[in-house]
Amino acid sequence: MSQGGLLGLSRVAGGVAGLVGLAVAELGAGLIARDGSPVMDLATVLAWPLSSFWNSGTGRVLLMVLVVIAWLVLAAFAGQLELRRRHLSLFVIVPLATATLLAVSTQVGPGALGYVPAVLGLAAIYVTLRVLIAELRRPPGALEPLVAERRNFLKTAGLITLGGIIVAGTGRLLIQASNKVAEVRKKISLPEPANPAPTIAAGTDLNVAGLSPYLSTNGSFYRIDTALQLPAIDPDTWTLRVTGLVENELTLTYAQLLERPLTEHVTTLSCMSNEVGGALAGNAVWLGLPVRDLLAEAVPQSGATMVLSTSHDGWSAATPLSVLRDPDVAALLAVGMNGDPLPPEHGFPVRMVVPGLYGDVSATKWLTQLKVTTYQEDSGYWAQKGWAARGPVKITSRIDTPTRSVIGAGTVIVAGVAWAPPIGISAVHVQVNDGSWHKAELAETTGPDSWRQWVYEWEVDEPGDYTLTVRATDANGRIQSSKVAPPFPSGASGLHTVPVKIRPS
Ligand SMILES: Nc1nc2c(c(=O)[nH]1)N[C@H]1C(S)=C(S)[C@@H](COP(=O)(O)O)O[C@H]1N2
Ligand SMILES: [Mo]
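Residue numbers are given in the working numbering: position 173 of the sequence shown equals residue 176, and the series is strictly consecutive.
Take a look at the structure:
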C-alpha cells in the first residue's frame with residue numbers, strides 16, 4: 004500500500020481507538036452510576052477560567068463536543084505516531100491520560116472508584132490502537148491484493164466502531180436507569196413519624212469552625228460498600244421478604260412499609276474499617292419501621308439466633324436476633340435520612356440501621372431480604388472474610404480541630420466528636436503532651452445512640468511542638484481503650500492524637 008494511504012489509515016485507526024476509549028469511559032461511568040463522566044469533567048475544568056457562557060448549560064454542552072473532537076484528533080495523531088514506531092503514541096496518550104485524570108480528580112475527590120472509568124477508557128484507547136496498527140503493519144501477503152487488504156482493515160475498524168457505539172449506548176442506558184429511579188425518588192413524600200425523634204435542642208451543635216456538624220449532611224455522609232454498580236431499584240417493584248426460621252413468611256412492599264407507624268431516631272453509624280481518628284462515621288436522623296415490629300409478625304422460631312439481611316446486589320450482614328427484637332434498641336428498616344428519602348448511595352429505597360453495631364454487621368443497604376437463622380447456619384459478607392462476626396461499636400473519640408497545624412499562642416479551641424452507642428458518652432478528656440487529663444465541655448445530645456460534640460479551650464503561651472490526645476468515657480463509666488489495634492478484625496482502638504506546632508503570637 005502507498006505510504007500516503009497507510010498514513011490516512013493510521014489516523015483512522017487512532018480515531019477509532021479514541022472512540023472506543025470514550026465509549027468505555029462512558030460505560031464505566033454508567034456502571035458506577037457517577038453523576039458525571041471523564042468528558043464532562045474535562046469540560047468542567049476547561050470552563051472554569053472561561054466566561055460565564057462556557058459555564059452555562061449550552062456552553063458546557065458545546066465544550067463537551069469540543070473536548071470529544073479534540074480527544075479524537077489527538078487519538079488520530081497518536082495512531083499516526085504509533086504507525087511510525089511502536090509505543091510512539093504514548094507521547095500523546097500519556098499527556099492525554101494525565102490531563103484526563105487531573106480533570107477527573109477535581110470532580111470525584113479521593114477514592115479510587117471515580118477514576119476507574121477514565122483509566123479503563125485510556126487503557127482501551129491504547130489497546131485498540133496497538134491492535135489496529137499491528138493490522139496495518141502486517142506485510143502484505145503475496146496473494147493479497149492491496150485493495151482487499153485495505154478493505155479488511157476498514158472492516159475491522161468498522162466493527163470496532165460498532166462495538167464502541169454499543170458499549171457507549173449501554174453506558175447511557177445505565178445512566179438513564181439510575182436517572183429514572185432518581186425521578187421516582189424525587190416524587191416520594193415520606194410520612195410523618197408516629198414516634199418522632201426528640202427535637203434537637205440548642206446546644207447540641209456547638210458550631211465550632213472545623214468541628215463535624217451534629218448531623219452529617221447526606222451529601223457528606225461517608226460511603227462504604229462493595230457495589231461497583233450502584234443498584235437502581237424502583238420502589239414500586241421493591242419488596243422485602245422475611246423468611247427462614249419463622250412461623251409466618253412475609254413480603255412487604257414499599258407502599259405497605261410507608262403505611263406503617265414509623266419511628267424517627269438519631270443514630271451514629273460507623274464502619275469497622277475506620278482507623279483511629281478516621282472519618283468513616285456519620286450521624287443522621289433515620290426514619291423507618293422498627294425491625295422488631297416486622298419480626299413480631301413473622302414470629303421467629305425458638306433456636307433462631309441471627310438475622311441475615313441481604314441486599315439487591317448480594318451483600319449480606321449477620322445481626323443478632325436479640326438486638327433486633329430488643330424493645331430498647333431502635334433498629335430500623337430505614338426509608339428516610341435527615342428528612343429525605345434515602346439517597347441512592349445510602350441504600351435507596353430501604354436499608355437497615357442498628358444502633359451500637361458497626362455497619363458491617365447491620366446496616367445493609369438496598370435491602371431485599373431478612374432471613375431468620377443461626378450463626379452456625381449462615382454468616383455475613385465480611386465475617387466470611389475473617390472480620391468479626393459480632394460488631395459492637397467501640398468507645399471512640401476524635402479530634403476534628405485543630406488538624407496537624409501551626410497556630411499562634413493564646414487560646415486554642417480543641418473540639419471533636421465522641422460516640423459509644425448504645426450506651427452514650429458521659430465524659431471526654433483532653434491531654435496535652437504527657438500532662439494531666441482536662442475535662443472537655445460536652446454538647447447536648449438527642450440520646451445515647453448519637454455522637455456528642457465536645458470542646459476544650461486550651462491556653463498555651465509557650466511556642467513549640469505539642470501533641471493533643473482525646474479520650475472518651477461512656478455512660479457506664481467505661482474509659483475508651485488506649486490499646487492500639489488496627490481495624491481488622493473487630494474495629495480499631497487506641498487514642499486519637501494530633502500534633503500541633505505553636506508559634507509565638
Ligand atoms: N448492600 C450493601 N450494604 C452495605 C455495605 C455493602 O457493601 N453493601 N457496606 C456496609 C458497611 S461495611 C457500612 S460501614 C455501611 C456504610 O453505610 P453508608 O455507606 O451509608 O455510610 O453500610 C453497610 N451496608
Ligand atoms: Mo463498614
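Built from N, CA and C at the ideal position, the CB exists for glycine as well. Values in this document were obtained by computation on a predicted structure and should not be read as measured data.
Among the options, which has the Cα closest to the Cα of residue i?
{"i": "proline 507", "options": "Gly17, Val76, Ile227 and Asp464", "result": "Asp464"}
{"i": "tyrosine 118", "options": "Glu380, Val130 and Thr103", "result": "Thr103"}
{"i": "leucine 9", "options": "Thr101, Val97, Thr47 and Glu138", "result": "Glu138"}
{"i": "valine 95", "options": "Phe80, Arg87 and Ala20", "result": "Phe80"}
{"i": "alanine 333", "options": "Leu292, Val353 and Lys368", "result": "Leu292"}
{"i": "asparagine 182", "options": "Ala151, Asn198 and Gly33", "result": "Gly33"}
{"i": "glutamate 186", "options": "Ile136, Pro344 and Asp228", "result": "Pro344"}
{"i": "valine 184", "options": "Glu300, Thr240, Gly124 and Glu85", "result": "Thr240"}
{"i": "histidine 499", "options": "Asn341, Ala430, Ser439 and Val420", "result": "Val420"}
{"i": "proline 115", "options": "Val130, Ile35 and Gly82", "result": "Residue identity check: residue 115 is alanine in the sequence provided, not proline. Closest by alpha carbon: Ile35."}
{"i": "arginine 393", "options": "Trp422, Leu311 and Leu373", "result": "Leu311"}
{"i": "serine 314", "options": "Gly124, Glu300, Thr242 and Leu261", "result": "Thr242"}
{"i": "tryptophan 318", "options": "Ala282, Thr202, Leu370 and Gly359", "result": "Leu370"}
{"i": "leucine 360", "options": "Leu193, Pro395 and Ala391", "result": "Pro395"}
{"i": "threonine 449", "options": "Thr202, Leu177 and Ala100", "result": "Thr202"}
{"i": "lysine 190", "options": "Val211, Ser382 and Pro238", "result": "Pro238"}
{"i": "glutamine 434", "options": "Leu298, Ser219, Val356 and Glu460", "result": "Glu460"}
{"i": "serine 192", "options": "Arg140, Ala366, Pro424 and Glu262", "result": "Glu262"}
{"i": "proline 234", "options": "Phe351, Gly174 and Leu336", "result": "Phe351"}
Which same chain residues end up closer than 6 Å to residue i when comparing Cβ atoms and leaving out the 5 residues on each side of it in sequence?
{"i": "aspartate 44", "result": "Ala106, Val107 and Gln110"}
{"i": "glycine 31", "result": "Val119, Pro120 and Leu123"}
What's the C-alpha gap between residue i and residue j?
{"i": "glycine 17", "j": "leucine 75", "result": "8 Å"}
{"i": "leucine 255", "j": "valine 27", "result": "38 Å"}
{"i": "valine 269", "j": "tryptophan 454", "result": "9 Å"}
{"i": "leucine 2", "j": "leucine 77", "result": "One cannot answer for residue 2 here, as it falls past the ends of the chain, which runs 4 to 508."}
{"i": "tyrosine 217", "j": "histidine 441", "result": "23 Å"}
{"i": "glutamate 278", "j": "glycine 494", "result": "8 Å"}
{"i": "glutamine 259", "j": "leucine 25", "result": "43 Å"}
{"i": "proline 490", "j": "asparagine 251", "result": "39 Å"}
{"i": "tyrosine 469", "j": "valine 417", "result": "13 Å"}
{"i": "glycine 213", "j": "threonine 246", "result": "46 Å"}
{"i": "glutamate 444", "j": "leucine 324", "result": "37 Å"}
{"i": "proline 347", "j": "alanine 230", "result": "11 Å"}
{"i": "alanine 307", "j": "valine 375", "result": "6 Å"}
{"i": "arginine 401", "j": "alanine 200", "result": "25 Å"}
{"i": "isoleucine 236", "j": "isoleucine 398", "result": "35 Å"}
{"i": "isoleucine 428", "j": "alanine 475", "result": "7 Å"}
{"i": "alanine 121", "j": "alanine 20", "result": "14 Å"}
{"i": "valine 353", "j": "valine 338", "result": "5 Å"}
{"i": "valine 501", "j": "histidine 432", "result": "14 Å"}
{"i": "tyrosine 129", "j": "glutamate 462", "result": "59 Å"}
Going by other Cβ atoms of all chains shown within 10 Å of its Cβ, with 16 needed for buried, is residue i buried or exposed?
{"i": "proline 52", "result": "exposed"}
{"i": "lysine 504", "result": "exposed"}
{"i": "glutamine 456", "result": "buried"}
{"i": "aspartate 363", "result": "buried"}
{"i": "proline 98", "result": "exposed"}
{"i": "alanine 160", "result": "buried"}
{"i": "glycine 206", "result": "exposed"}
{"i": "threonine 414", "result": "exposed"}
{"i": "aspartate 331", "result": "exposed"}
{"i": "aspartate 437", "result": "exposed"}
{"i": "threonine 406", "result": "exposed"}
{"i": "threonine 285", "result": "First, the amino acid is wrong: residue 285 is glycine here, not threonine. Classification for glycine 285: buried."}
{"i": "leucine 86", "result": "buried"}
{"i": "threonine 372", "result": "The question names threonine, yet the displayed sequence has glutamine at residue 372. Glutamine 372 comes out buried."}
{"i": "leucine 22", "result": "buried"}
From the DSSP output, which residues share a beta bridge with residue i?
{"i": "glycine 285", "result": "Leu272"}
{"i": "histidine 432", "result": "Lys442 and Arg474"}
{"i": "tyrosine 459", "result": "Val417"}
{"i": "glutamate 267", "result": "Leu290"}
{"i": "proline 3", "result": "In the structure as shown, the chain begins at 4 and stops at 508. Residue 3 is therefore absent and cannot be evaluated."}
{"i": "glutamine 372", "result": "Arg244 and Thr313"}
{"i": "aspartate 343", "result": "Met340"}
{"i": "leucine 12", "result": "Looking at the DSSP assignment, leucine 12 forms no beta bridge with any residue, so it has no partner."}
{"i": "tyrosine 469", "result": "Val503"}
{"i": "leucine 360", "result": "Pro395"}
Beta-carbon within less than 8 Å of residue i's beta-carbon, same chain only, minus the 5 sequence neighbours each way: which residues are those?
{"i": "isoleucine 410", "result": "Val503, Lys504, Ile505 and Arg506"}
{"i": "alanine 50", "result": "Trp57, Asn58, Gly62, Arg63 and Leu66"}
{"i": "histidine 349", "result": "Asn221, Phe224, Arg226, Met340 and Lys368"}
Indicate whether at least one CB of chain D lies closer than 8 Å to the CB of residue i.
{"i": "histidine 499", "result": "Within the model displayed, chain D is absent; a lone protein chain is all it includes."}
Which residues in the same chain as residue i place their Cβ atom closer than 7 Å to its Cβ, once the five residues preceding and following it in sequence are excluded?
{"i": "alanine 488", "result": "Ala495, Ser496 and Gly497"}
{"i": "asparagine 479", "result": "Ile426"}
{"i": "valine 211", "result": "Thr404, Ile416, Ala418 and Val458"}
{"i": "valine 249", "result": "Ala301, Val302, Pro303, Gln304 and Val375"}
{"i": "serine 219", "result": "Gly285, Asn286 and Ala287"}
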